[in-house]
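Undergrad: Protein chains in written order, with the numbering used here: chain A, 211 to 642; chain B, 211 to 642. Just so it is clear, CB atoms sit at the ideal spot from N, CA and C, and this is done for glycine as well. In this text, all values refer to a predicted model and were calculated from it rather than measured experimentally. First, the structure itself, so that you have it in front of you.
2 protein chains.
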Amino acid sequence: MTTGGSRLDPWVDSYAARANAMRASEIRALFAVASRPEVVSLAGGMPYVQALPVEMLTATAQRLLVERGPVALQYGSGQGDVTLREQILDVVGEVGVTAHPDDIVVTTGSQMALDLVTRVFCDPGDVVIVEAPSYVGALGVFRAFECEVIHVAMDDEGLVPQALQEALDQAAAAGKRVKLIYTIPSFHNPAGVTQGPERRAEILSIAQSAGVLLLEDDPYGLLGFEGEPPRAIRADDAEGVIYLGSFSKTIASGLRVGWAIAPHGVREKLVLASEAAVLCPSNYAQMTVSEYLATQPWREQIKTFREVYRERRDALLESLQALMPEGTTWTIPAGGFYSWLTLPEGLDATAMLPRAVANLVAYVPGTGFYVDGQGRQNLRLSYCYPEPDRIREGVRRLAAVIEGELELVETFGTSHVLNRVTGSSVPAPDLA
Amino acid sequence: MTTGGSRLDPWVDSYAARANAMRASEIRALFAVASRPEVVSLAGGMPYVQALPVEMLTATAQRLLVERGPVALQYGSGQGDVTLREQILDVVGEVGVTAHPDDIVVTTGSQMALDLVTRVFCDPGDVVIVEAPSYVGALGVFRAFECEVIHVAMDDEGLVPQALQEALDQAAAAGKRVKLIYTIPSFHNPAGVTQGPERRAEILSIAQSAGVLLLEDDPYGLLGFEGEPPRAIRADDAEGVIYLGSFSKTIASGLRVGWAIAPHGVREKLVLASEAAVLCPSNYAQMTVSEYLATQPWREQIKTFREVYRERRDALLESLQALMPEGTTWTIPAGGFYSWLTLPEGLDATAMLPRAVANLVAYVPGTGFYVDGQGRQNLRLSYCYPEPDRIREGVRRLAAVIEGELELVETFGTSHVLNRVTGSSVPAPDLA
Numbered sequence: 211m212t213t214g215g216s217r218l219d220p221w222v223d224s225y226a227a228r229a230n231a232m233r234a235s236e237i238r239a240l241f242a243v244a245s246r247p248e249v250v251s252l253a254g255g256m257p258y259v260q261a262l263p264v265e266m267l268t269a270t271a272q273r274l275l276v277e278r279g280p281v282a283l284q285y286g287s288g289q290g291d292v293t294l295r296e297q298i299l300d301v302v303g304e305v306g307v308t309a310h311p312d313d314i315v316v317t318t319g320s321q322m323a324l325d326l327v328t329r330v331f332c333d334p335g336d337v338v339i340v341e342a343p344s345y346v347g348a349l350g351v352f353r354a355f356e357c358e359v360i361h362v363a364m365d366d367e368g369l370v371p372q373a374l375q376e377a378l379d380q381a382a383a384a385g386k387r388v389k390l391i392y393t394i395p396s397f398h399n400p401a402g403v404t405q406g407p408e409r410r411a412e413i414l415s416i417a418q419s420a421g422v423l424l425l426e427d428d429p430y431g432l433l434g435f436e437g438e439p440p441r442a443i444r445a446d447d448a449e450g451v452i453y454l455g456s457f458s459k460t461i462a463s464g465l466r467v468g469w470a471i472a473p474h475g476v477r478e479k480l481v482l483a484s485e486a487a488v489l490c491p492s493n494y495a496q497m498t499v500s501e502y503l504a505t506q507p508w509r510e511q512i513k514t515f516r517e518v519y520r521e522r523r524d525a526l527l528e529s530l531q532a533l534m535p536e537g538t539t540w541t542i543p544a545g546g547f548y549s550w551l552t553l554p555e556g557l558d559a560t561a562m563l564p565r566a567v568a569n570l571v572a573y574v575p576g577t578g579f580y581v582d583g584q585g586r587q588n589l590r591l592s593y594c595y596p597e598p599d600r601i602r603e604g605v606r607r608l609a610a611v612i613e614g615e616l617e618l619v620e621t622f623g624t625s626h627v628l629n630r631v632t633g634s635s636v637p638a639p640d641l642a
Numbered sequence: 211m212t213t214g215g216s217r218l219d220p221w222v223d224s225y226a227a228r229a230n231a232m233r234a235s236e237i238r239a240l241f242a243v244a245s246r247p248e249v250v251s252l253a254g255g256m257p258y259v260q261a262l263p264v265e266m267l268t269a270t271a272q273r274l275l276v277e278r279g280p281v282a283l284q285y286g287s288g289q290g291d292v293t294l295r296e297q298i299l300d301v302v303g304e305v306g307v308t309a310h311p312d313d314i315v316v317t318t319g320s321q322m323a324l325d326l327v328t329r330v331f332c333d334p335g336d337v338v339i340v341e342a343p344s345y346v347g348a349l350g351v352f353r354a355f356e357c358e359v360i361h362v363a364m365d366d367e368g369l370v371p372q373a374l375q376e377a378l379d380q381a382a383a384a385g386k387r388v389k390l391i392y393t394i395p396s397f398h399n400p401a402g403v404t405q406g407p408e409r410r411a412e413i414l415s416i417a418q419s420a421g422v423l424l425l426e427d428d429p430y431g432l433l434g435f436e437g438e439p440p441r442a443i444r445a446d447d448a449e450g451v452i453y454l455g456s457f458s459k460t461i462a463s464g465l466r467v468g469w470a471i472a473p474h475g476v477r478e479k480l481v482l483a484s485e486a487a488v489l490c491p492s493n494y495a496q497m498t499v500s501e502y503l504a505t506q507p508w509r510e511q512i513k514t515f516r517e518v519y520r521e522r523r524d525a526l527l528e529s530l531q532a533l534m535p536e537g538t539t540w541t542i543p544a545g546g547f548y549s550w551l552t553l554p555e556g557l558d559a560t561a562m563l564p565r566a567v568a569n570l571v572a573y574v575p576g577t578g579f580y581v582d583g584q585g586r587q588n589l590r591l592s593y594c595y596p597e598p599d600r601i602r603e604g605v606r607r608l609a610a611v612i613e614g615e616l617e618l619v620e621t622f623g624t625s626h627v628l629n630r631v632t633g634s635s636v637p638a639p640d641l642a
């Protein structure tokens with residue numbers, strides 16, 4: 211008998227405990243709708259790879275295959291290609307990081323580095339401290355390894371040191387094992403804020419005093435709109451920080467090449483974990499990146515990306531300033547892909563999303579960036595992918611939706627609330 | 211203070227329990243030596259990608275980037291590219307598997323599929339039944355997720371049904387939860403044997419009766435030397451089998467593209483696990499494979515690979531037959547990459563390895579393919595990578611080493627035994 215859409219799963223009693231924490235987003239179907247071309251999506255975090263001239267890569271791929279095909283097409287080392295690891299040192303040099311190629315583990319995107327770090331450090335019930343809000347992909351990994359995730363407040367300069375100290379103290383008092391402090395210091399996803407140098411020093415000092423490893427995630431560090439790239443926390447402590455980086459936003463996300471820089475003993479564990487997970491990262495992808503870095507003007511290309519994203523950020527901020535109803539606030543990103551918007555009192559971003567999509571604009575509701583139901587009044591706006599005019603049109607539509615919600619609140623005392631949405635309320639990265 | 215080679219790891223008390231199961235091979239350094247060009251390596255399992263004409267891929271890469279660059283360079287779906295999933299159905303059709311594209315999850319090599327399946331099903335202490343010997347990469351994953359691994363005897367037709375039944379009965383009697391039966395039915399790594407159709411049916415029937423999921427790993431299924439490819443077990447049960455496949459041996463391992471075909475509910479979990487692990491597999495690698503399958507004579511190319519490996523298999527078997535001392539036996543592979551050799555009584559393959567490497571030939575000692583110290587009298591010989599003449603030379607050197615060991619045993623009653631080697635005694639795949 212075919213049971214159609216609600217097939218029974220004969221293996222439902224066989225899954226591991228950790229599989230129970232893996233849940234599909236209930237609003238994923240909505241994001242599938244939101245990926246239709248008539249919808250302006252301010253939801254997904256897709257880099258604008260169209261800004262990368264395709265000739266830069268065709269020449270690269272051709273040369274790679276002709277000159278080093280047998281190596282590029284073969285298994286490689288679990289730790290990653292050694293030439294690429296040397297080149298990564300040039301890249302991280304831009305944020306002040308110095309290291310040895312042997313300190314680097316190349317991964318299938320930095321998401322996999324997050325996965326490996328968590329796998330190596332976290333037993334079920336171990337605590338990971340994260341920002342409030344935090345990157346949904348990291349929350350997914352921490353959940354998958356059954357960590358207890360504790361959110362710590364942010365302000366306009368990111369993670370609040372005093373709140374971090376209090377969280378550590380409370381965890382210690384409760385006898386909990388805090389394994390990691392996970393932070394995105396530069397151009398935060400989703401909050402759009404950046405820690406200043408003093409803030410970074412304070413956070414590092416707190417982590418060091420507590421003897422807790424700092425997990426610094428820096429995918430956007432080179433995508434600042436003014437001045438020099440912010441100096442990484444890892445630049446000031448090689449033993450207490452694991453630094454994660456990625457080529458997804460500076461070259462192309464479709465290559466899936468990221469990395470971790472870790473203290474010696476940790477790096478050894480990460481390599482073993484990586485070998486169990488994938489044997490080795492793709493030589494083909496790694497050597498494409500390596501060839502690109504060796505032969506193409508990659509620093510110039512990053513400048514091009516910065517210009518593209520700055521123009522879009524400006525389009526977003528100007529439109530928000532011009533159009534958003536009173537009581538709406540948002541962060542001013544100095545780089546990266548995102549602004550974090552707070553709706554007027556009484557509005558609910560999750561409940562509002564279906565009406566936004568009906569009005570042909572999409573965003574990610576704030577709850578997806580918390581494990582504890584916070585964020586209902588927030589939403590994340592991405593300006594990385596749509597052209598500036600589309601961004602302006604999207605904000606126009608969103609403002610109209612918010613105005614409509616405000617009228618509902620005025621009339622009925624509350625906006626129409628959806629059933630409570632659980633799980634990871636964020637679209638897959640390709641649903642921009 | 212710098213402590214030089216034996217640096218202390220300040221994070222040694224922070225690791226998860228599962229990280230304790232991640233150990234580097236003590237003989238890895240030896241394999242690094244064995245990768246020197248003067249050594250004939252019969253150790254690694256590197257496919258002979260040189261047999262793939264590089265033009266087939268340069269044209270593919272070029273067309274892909276020019277025609278679909280912005281998609282190939284972008285994030286993709288967590289489940290994998292839908293066109294590629296349709297094409298995978300053509301490939302698995304060769305071993306009798308029929309499925310829906312939606313049943314497939316594309317992974318970063320089939321190693322990652324092993325990782326995801328284990329992550330989804332296995333709590334610490336859960337039992338996984340494997341062949342004796344079994345694929346070292348699978349043992350590494352099961353160990354990384356703290357499974358109890360139980361080896362079941364093989365004969366010349368692979369996994370012995372009666373032994374499987376006994377292992378299941380014993381586990382049930384002991385109150386253990388058996389989550390997976392892991393098998394490589396075709397051209398086994400490392401044993402070089404293949405289950406016949408009746409054997410497969412018996413094994414499937416036992417798994418079904420026990421209500422245990424069968425994990426069928428089939429990287430070599432299309433690389434048989436005679437007749438049609440063996441029909442996959444999955445061809446006869448879509449609900450009780452997870453089927454793993456890979457393009458590593460039929461196209462190129464450096465692309466890292468593999469897949470799992472799983473029952474509906476399991477597939478959903480695997481996609482969620484994959485998103486946590488890597489967000490999505492590389493669009494660039496997937497679409498390279500897809501373009502290759504769509505435009506190149508891939509079935510002809512697989513025939514070429516078969517011819518290459520058959521010639522090498524023949525070189526190995528003829529040399530073994532001509533040169534090995536009495537009391538040495540080996541399996542006769544009908545496809546794939548490996549023969550499993552049993553040394554004469556009293557010899558120890560692990561202890562012998564340093565002398566073999568000194569004599570400029572390398573192999574993998576049998577203990578790496580067991581979790582329980584079995585296999586000391588065994589070794590794995592790979593014929594996939596060296597040219598036939600090198601294989602003959604390698605066997606000549608190996609025969610001399612074995613003769614030397616036999617003389618030692620005759621003189622002293624035992625061969626000189628190394629300290630006990632622990633951990634995964636297998637080289638990284640690039641150390642061929």
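Does chain A have any CB closer than 9 Å to the CB of residue 592 of chain B?
TA: Cβ-Cβ to chain A under 9 Å: no for residue 592 of chain B.
Undergrad: Using a C-beta cutoff of 9 Å, does residue 221 of chain B count as contacting chain A?
TA: It does; some Cβ of chain A falls within 9 Å.
Undergrad: List, in order along the chain, the chain A residues whose C-beta lies closer than 7 Å to that of residue 268 of chain B?
TA: What residue 268 of chain B touches in chain A: 272, 275, 276.
Undergrad: Taking only the alpha-carbon atoms, compute the straight-line gap between residue 180 of chain B and residue 561 of chain B and give it to the nearest angstrom.
TA: Because chain B in this structure spans residues 211 to 642, residue 180 of chain B falls outside the shown range and cannot be described.
Undergrad: Could you check what DSSP says for residue 341 of chain A in three-state terms: helix, strand or coil?
TA: Looking at residue 341 of chain A - three-state DSSP - the assignment turns out to be strand.
Undergrad: Considering only residues of the stretch 299-324 of chain A, which uninterrupted beta strand (DSSP E) runs meet the minimum length of 3 residues and lie entirely inside it, listed in chain order?
TA: The stretch 299-324 of chain A contains these whole beta strand (DSSP E) runs: 314-317.
Undergrad: Quick one: complete beta strand (DSSP E) runs, 3+ long, within the stretch 425-497 of chain B?
TA: Correct list: 451-456, 468-471.
Undergrad: DSSP three-state call for residue 628 of chain A: helix, strand or coil?
TA: Low local confidence applies: a pLDDT of 45 at residue 628 of chain A is under 50, so the model's placement there is unreliable, with the coordinate-based value given in what follows. Here residue 628 of chain A sits in coil by DSSP.
Undergrad: Taking the beta strand (DSSP E) that residue 588 of chain B belongs to, which residues open and close that run?
TA: Element bounds for residue 588 of chain B: 588-592.
Undergrad: When the Cα of residue 288 of chain B is compared with those of B:481, B:372, B:498, which residue comes out closest?
TA: Checking every option, the nearest Cα to that of residue 288 of chain B belongs to B:481.
Undergrad: With the cut-off set at 9 Å, would you say residue 231 of chain A and residue 353 of chain A are in Cβ contact?
TA: Going by C-beta atoms, residue 231 of chain A is nearer than 9 Å to residue 353 of chain A.
Undergrad: Taking all protein chains shown into account, decide if residue 622 of chain A is buried (16 or more other Cβ within 10 angstroms of its Cβ) or exposed.
TA: The residue is exposed, with fewer than 16 neighbouring Cβ atoms inside 10 Å.
Undergrad: Within its chain, find whatever has a CB closer than 6 Å to the CB of residue 612 of chain A; leave out the 5 residues flanking it on each side and keep chain order.
TA: Excluding sequence neighbours, residue 612 of chain A sits near 535.
Undergrad: Out of A:504, A:572, A:525, A:518, point me to the one whose CA is closest to residue 293 of chain A's CA.
TA: Selected option, being the one with the closest Cα: A:504.
Undergrad: Three or more C-beta pairs under 8 Å: does that hold for the stretch 263-275 of chain B against the stretch 241-254 of chain A?
TA: As far as the Cβ criterion goes, the stretch 263-275 of chain B does not touch the stretch 241-254 of chain A, which means the pair count is below three.
Undergrad: Could you name the residues of chain A that residue 325 of chain B contacts, counting a contact when the two beta carbons are closer than 7 Å?
TA: Simply 486, 487.
Undergrad: Let me check understanding here. Comparing Cα to Cα, which of A:488, A:458, A:414 lies closest to residue 467 of chain B?
TA: Comparing Cα positions, the closest option is A:488.
Undergrad: When DSSP builds the beta bridges, which residues end up paired with residue 540 of chain A?
TA: DSSP lists A:551 as partners of residue 540 of chain A.
Undergrad: May I have the straight-line CA-CA distance separating residue 438 of chain B from residue 545 of chain B, to the nearest angstrom?
TA: Rounded to the nearest angstrom, the two C-alpha atoms are 11 Å apart.
Undergrad: Since residue 338 of chain A and residue 386 of chain A should fall inside the 8 Å C-beta cutoff, what is the C-beta to C-beta distance between them, to a whole number of angstroms?
TA: In fact, because the Cβ distance is near 11 Å, the residues do not count as touching under 8 Å.
Undergrad: Interface residues of chain B around residue 291 of chain A at Cβ under 9 Å?
TA: Going along chain B, no residue has its Cβ under 9 Å from residue 291 of chain A, so there is no contact; the nearest lies around 10 Å.
Undergrad: With a threshold of 9 Å between beta carbons, is residue 643 of chain A in contact with chain B?
TA: For residue 643 of chain A there is no data in the structure shown, the boundaries of chain A being 211 and 642.
Undergrad: Is the shortest distance between the beta-carbon of residue 453 of chain A and the beta-carbons of chain B less than 9 Å?
TA: No, residue 453 of chain A lies away from the interface with chain B (no Cβ there is under 9 Å from its Cβ).
Undergrad: Cβ of residue 457 of chain B within 9 Å of Cβ of residue 431 of chain B?
TA: No, these two residues do not count as a Cβ contact at 9 Å.
Undergrad: Shortest alpha-carbon distance to residue 238 of chain A belongs to which of A:483, A:574, A:267?
TA: Minimum Cα distance to residue 238 of chain A is reached at A:574.
Undergrad: Mind reading off the beta-carbon distance from residue 571 of chain A to residue 537 of chain A? Whole number of angstroms is fine, and I expect it under 8 Å.
TA: Going by Cβ atoms, the distance from residue 571 of chain A to residue 537 of chain A rounds to 19 Å, so no, they are not a contact pair.
Undergrad: With three or more C-beta pairs closer than 8 Å as the rule, is the stretch 359-378 of chain A touching the stretch 306-325 of chain A?
TA: No, because fewer than three Cβ pairs between the stretch 306-325 of chain A and the stretch 359-378 of chain A fall closer than 8 Å, the two stretches do not touch.
Undergrad: Measure the C-alpha to C-alpha separation of residue 543 of chain B and residue 344 of chain A and round it to an integer number of angstroms.
TA: Roughly 52 Å separates the two Cα atoms.
Undergrad: Return the residues of the stretch 325-348 of chain A that lie within a Cβ-Cβ distance of less than 8 Å from chain B, sorted by chain order.
TA: Going along the stretch 325-348 of chain A in chain order, one finds 325, 329, 330, 331, 332, 333, 336, 347 with a Cβ nearer than 8 Å to chain B.
Undergrad: How would you call residue 222 of chain A, buried or exposed, if buried means at least 16 neighbouring beta carbons within 10 angstroms?
TA: Result: exposed.
Undergrad: So, do the stretch 295-310 of chain A and the stretch 322-335 of chain A have three or more beta carbon pairs nearer to each other than 8 Å?
TA: The answer is no - the stretch 322-335 of chain A does not touch the stretch 295-310 of chain A, with fewer than three Cβ pairs under 8 Å.
Undergrad: Rank A:567, A:291, A:285, A:224 by C-alpha distance to the C-alpha of residue 501 of chain A and give the top, closest one.
TA: For the residues A:567, A:291, A:285, A:224, the minimum Cα distance to residue 501 of chain A belongs to A:291.
Undergrad: For residue 382 of chain B, does the three-state DSSP call read helix, strand or coil?
TA: Helix at residue 382 of chain B.
Undergrad: Do you know how far the Cα of residue 416 of chain B is from the Cα of residue 284 of chain B?
TA: Distance between the alpha carbons of residue 284 of chain B and residue 416 of chain B: 45 Å.
Undergrad: Mind listing which residues of the stretch 309-320 of chain A have their C-beta closer than 8 Å to chain B's C-betas, in chain order?
TA: So the list reads 318, 319, given in the order they occur along the chain.
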